[in-house]
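Chains as they are written, first to last, in this note's numbering: chain A, 1 to 247; chain B, 1001 to 1247. Cβ coordinates follow ideal geometry from the N, Cα and C atoms, glycine included. None of these values were measured; they are calculated from a predicted model. Below: the structure, in structure tokens.
Protein chains: 2
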Amino acid sequence: MSLYVVGIGPGGLDGMTVEAKNVLESCHIIAGYTVYTELLKPYFPHKKYYSTPMKQEKERCGWALARAAEGEAIAVVCSGDPGIYGMAGLLCQLQAQAQQETVRAAEIIVIPGVTAASSGAARLGAPLTHDFAVISLSDLLTPLAVIQKRLRCAAMGDMVICLYNPASRKRADYLRMACDIVLEYKSPQTVCGYVRQIGREGEEVRVLSLEQLRDIQADMFTTVYIGNDSTMELGGKMVTPRGYADV
Amino acid sequence: MSLYVVGIGPGGLDGMTVEAKNVLESCHIIAGYTVYTELLKPYFPHKKYYSTPMKQEKERCGWALARAAEGEAIAVVCSGDPGIYGMAGLLCQLQAQAQQETVRAAEIIVIPGVTAASSGAARLGAPLTHDFAVISLSDLLTPLAVIQKRLRCAAMGDMVICLYNPASRKRADYLRMACDIVLEYKSPQTVCGYVRQIGREGEEVRVLSLEQLRDIQADMFTTVYIGNDSTMELGGKMVTPRGYADV
């Protein structure tokens, strides 16, 4: 009785691992956020799908755990990597609760995937080739003050910063807020980049300055990169050198 | 004339993306660090391999770029993701130089892979489910003072810390040094974990306290995780809750 938590990468078959593809082929039920189950249906047409909108993660994960405990071959899918802002943590927590309540709790098996930090970086060139911080600007589950402190610390440490969930309808100005914090520590000319809809229709890739980044309108499907002091633009690409050695 | 820079994940066929597998199948030459080309030979036996030991990255990448410019179907492989401490950055730099010197420079196409932060996290449970910093302890290309400052900043910001290259023969005590810096900000009971030889023979997975982590002997093939203030051990797993909401 295993519940697979599968990272599908950006969403196409090409971007998932061979292991993820094999696991999804062997399952009867695929559960996940509606946007991602819709991406999978063309590749795995003969599965049962169980999808719920955003903010119903706990209900969806609890349902999947219960089905797995009954012996169903089921996978919970997440975009990117399930361990990075995905369902792996919540499922481990729910599973630990279930284990206290019943002897028939399913085992959790995490199948890692390519996270947006990596798939977006590949489109931009090589923005992350040195130490970096990954920070989500969503304050749904994290107090804004904690997010702001982390932005300050990452900027102070001159780490490349990769921002997930840079904006939503309710948080239209959060990317600007984040840029303003980073601008306390870094030049307005700091090389930045973003990728929208990585590997999907309408993909958009842009390298720009921190000052310009402040004025773009990002959305939930945008991944943002703020360079460190040695990040440069090279032929339209965003490149952070490995360490500080000369090439 | 394209040069593919391919992330192979932990090293087996299962852990690479479908795209990475297809690209390697379509290439004639696979170039990389000896350890990784040896891992690939059983899966792609009919290729030409070009491998060099550590610290000859520049020579190897220059050679591959020149071959690609001549029209050879060639891939440079990296373990994990080529954009995270991999060859993507160096290749973009060398390519920009080549473009200034010749009209026949190859284009760089980065095929992302599952980085050790993700593949190790999957083995431990869900240590990275919230904001995190990725820091390499190798001072080969980065001054030690910069590494130490980043460790301080990441600890101050209560980000989960994922350490790459935590030790080598010449840097046997660097993990202890890193733990001592983090201990200035965090409890000795902070939940930590490490994975050695992820997905390979002799894989070792352990959850332990920061105090205990200080005393382990890591090596180049170990990935280390230092939890944030809410990271917990749950049934032998290392789990960082998503945000601060109750489950």
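Check: Counting contacts by CB-CB distance shorter than 7 Å, is aspartate 60 of chain A in contact with chain B?
Finding: The identity of residue 60 of chain A in the sequence shown is arginine, whereas the question assumes aspartate. Answer no: the Cβ-Cβ gap between arginine 60 of chain A and chain B never drops below 7 Å.
Notebook entry, point to check: leucine 39 of chain A: which of A:Pro188, A:Leu13, A:Asp229 sits nearest, CA to CA?
Noted result: Closest in C-alpha terms to leucine 39 of chain A, from the list A:Pro188, A:Leu13, A:Asp229, comes A:Leu13.
Next item on the list: Name the two residues that bound the continuous beta strand (DSSP E) containing leucine 163 of chain A.
Entry: Secondary structure note for leucine 163 of chain A: its beta strand (DSSP E) is the uninterrupted segment 160–164.
Item checked: Span separating the alpha-carbon of tyrosine 1244 of chain B from that of proline 166 of chain A -> Confidence in tyrosine 1244 of chain B is poor, its pLDDT being 46 and thus under 50, which makes the residue's placement unreliable; the coordinate value appears in the next sentence. Computed Cα separation, rounded: 19 Å.
Check: How would you list, in chain order, the residues of chain A whose beta-carbon sits under 7 Å from the beta-carbon of lysine 1055 of chain B?
Finding: Neighbours of lysine 1055 of chain B on chain A: none; closest Cβ ~11 Å, over 7 Å.
Next item on the list: Taking 7 Å as the cut-off, decide whether the C-beta atoms of tyrosine 1050 of chain B and alanine 1031 of chain B are in contact.
Entry: In this structure, alanine 1031 of chain B lies closer than 7 Å to tyrosine 1050 of chain B by Cβ.
Notebook entry, point to check: Over what stretch of residues does the beta strand (DSSP E) that includes alanine 1041 of chain B continue unbroken?
Noted result: Reading off the sequence shown, one finds lysine at residue 1041 of chain B, where the question assumed alanine. Looking at the DSSP string, lysine 1041 of chain B is not in any beta strand (DSSP E), and its letter there is neither H nor E.
Margin query: At the 7 Å Cβ level, is proline 1166 of chain B part of the contact set with chain A, yes or no?
Written below: Chain A, which has no Cβ nearer than 7 Å to the Cβ of proline 1166 of chain B, makes this no.
Note to self: Quick check on cysteine 1293 of chain B: does DSSP put it in helix, strand or coil?
What the structure shows: Nothing about residue 1293 of chain B can be reported from this structure: the residues present for chain B run from 1001 to 1247 only.
Item checked: Inter-stretch contact (C-beta, 8 Å, three-pair minimum) for the region 1078–1088 of chain B and the region 105–119 of chain A -> With the cut-off at 8 Å, the region 1078–1088 of chain B and the region 105–119 of chain A touch.
Note to self: Taking a contact to mean a Cβ-Cβ separation below 7 Å, would you say glutamine 189 of chain A touches serine 168 of chain A in this structure?
What the structure shows: The Cβ atoms of glutamine 189 of chain A and serine 168 of chain A do not sit closer than 7 Å to each other.
Item checked: Cα-Cα separation between asparagine 1022 of chain B and valine 114 of chain A, rounded to whole angstroms -> Approximately 16 Å, taken between the alpha carbons.
Margin query: Considering Cα atoms alone, identify which of B:Cys1192, B:Asp1215, B:Ile1216, B:Met1220 is closest to glutamate 1233 of chain B.
Written below: Of the listed residues, the one whose Cα sits closest to glutamate 1233 of chain B is B:Cys1192.
Checklist line | Below-7 Å beta-carbon distance, valine 114 of chain A vs any chain B residue | finding: True, the Cβ-Cβ gap to chain B drops below 7 Å.
Next item on the list: Taking only beta-carbon positions, decide if proline 187 of chain A is within less than 7 Å of chain B.
Entry: According to the sequence as given, residue 187 of chain A is serine; it is not proline. Nearest CB-CB separation between serine 187 of chain A and chain B: not below the 7 Å threshold.
Next item on the list: Keeping to the same chain, check which residues put their C-beta closer than 6 Å to that of lysine 1047 of chain B; ignore five residues upstream and five downstream.
Entry: Same-chain partners within the cutoff: Ile1030.
Next item on the list: Below 7 Å CB to CB, which residues in the same chain sit around glycine 9 of chain A once its five sequence neighbours on both sides are set aside?
Entry: Gly15, Met16, Gly80, Gly113, Val114, Ser119.
Notebook entry, point to check: Looking only at DSSP bridge pairs, what is tyrosine 1004 of chain B linked to?
Noted result: As a beta-bridge residue in DSSP terms, tyrosine 1004 of chain B pairs with B:Ala1075, B:Ile1109.
Check: Given threonine 142 of chain A, which residues of its chain have a CB within under 8 Å of its CB, disregarding the five upstream and five downstream residues?
Finding: Correct list, in chain order: Ser136.
Checklist line | Cutoff 7 Å: isoleucine 181 of chain A Cβ touching any chain B Cβ | finding: Output row for isoleucine 181 of chain A: interface = no.
Checklist line | Integer-rounded CB distance, given that cysteine 1179 of chain B should sit under 8 Å from valine 1134 of chain B | finding: At roughly 17 Å, the Cβ-Cβ gap does not stay under 8 Å, so valine 1134 of chain B and cysteine 1179 of chain B are not in contact.
Next item on the list: Give the interface partners of cysteine 1153 of chain B over in chain A, defined as CB-CB distance under 8 Å, in chain order.
Entry: The answer, in chain order, is Cys153, Ala154, Met156, Gly157, Met159.
Notebook entry, point to check: What does a CB cutoff of less than 7 Å around serine 26 of chain A pick up in its chain, not counting 5 residues either side in sequence?
Noted result: Excluding residues within five positions, the ones whose Cβ falls inside 7 Å are Ala73.
Checklist line | CB contact flag (glycine 11 of chain A, arginine 196 of chain A, <7 Å) | finding: No, the Cβ-Cβ distance between glycine 11 of chain A and arginine 196 of chain A is not below 7 Å.
Notebook entry, point to check: Starting from lysine 1237 of chain B and walking both ways along the alpha helix (DSSP H), at which residues does that stretch end?
Noted result: No alpha helix (DSSP H) holds lysine 1237 of chain B; the beta strand (DSSP E) holding it covers 1237–1239.
Check: Ends of the beta strand (DSSP E) at alanine 116 of chain A?
Finding: Note, alanine 116 of chain A: premise wrong, no beta strand (DSSP E); alpha helix (DSSP H) at 116–124.
Next item on the list: Let me know the secondary structure DSSP gives alanine 1064 of chain B once reduced to three states.
Entry: Correct three-state label for alanine 1064 of chain B: helix.
Next item on the list: Quick one: using the 10 Å Cβ neighbour count with 16 as the cut-off for buried, is arginine 104 of chain A buried or exposed?
Entry: The residue is exposed, with fewer than 16 neighbouring Cβ atoms inside 10 Å.
Checklist line | Chain-order list of residues whose beta-carbon lies under 7 Å from that of glutamate 19 of chain A (same chain, five-residue window excluded) | finding: Taken in chain order, the residues that qualify are Ile111.
Next item on the list: Measuring only between beta-carbons, confirm whether lysine 1222 of chain B sits less than 7 Å from chain A.
Entry: The sequence given here has threonine at residue 1222 of chain B, not lysine. It does not: the Cβ of threonine 1222 of chain B has no partner Cβ on chain A nearer than 7 Å.
Notebook entry, point to check: Is alanine 138 of chain A buried or exposed, if buried means 16 or more other CB atoms sit within 10 Å of its CB?
Noted result: It is worth fixing the name first, because residue 138 of chain A is serine in this sequence and not alanine. Buried, since its Cβ has 16 or more Cβ neighbours within 10 Å.
Next item on the list: Measure from the alpha carbon of isoleucine 198 of chain A to the alpha carbon of each residue in A:Glu70, A:Val224, A:Asp215, A:Glu184, then state which is nearest.
Entry: Nearest C-alpha to isoleucine 198 of chain A: A:Val224.
Next item on the list: Could you check how far apart the C-beta atoms of methionine 1001 of chain B and alanine 1098 of chain B are, in whole angstroms? I think they sit under 8 Å.
Entry: Separation of the CB atoms of methionine 1001 of chain B and alanine 1098 of chain B is rounded to 11 Å, and the pair is thereby denied contact status at 8 Å.
Notebook entry, point to check: What are the residues of the region 1061–1081 of chain B that lie near chain A, defined by any Cβ-Cβ distance shorter than 7 Å?
Noted result: The residues in question are Asp1081.
Check: Could you give the distance in angstroms between the alpha-carbon of alanine 218 of chain A and the alpha-carbon of lysine 237 of chain A?
Finding: The alpha-carbon atoms of alanine 218 of chain A and lysine 237 of chain A are separated by roughly 20 Å.
Margin query: Going by DSSP in three states, methionine 156 of chain A sits in which element: helix, strand or coil?
Written below: DSSP places methionine 156 of chain A in helix when its eight states are reduced to three.
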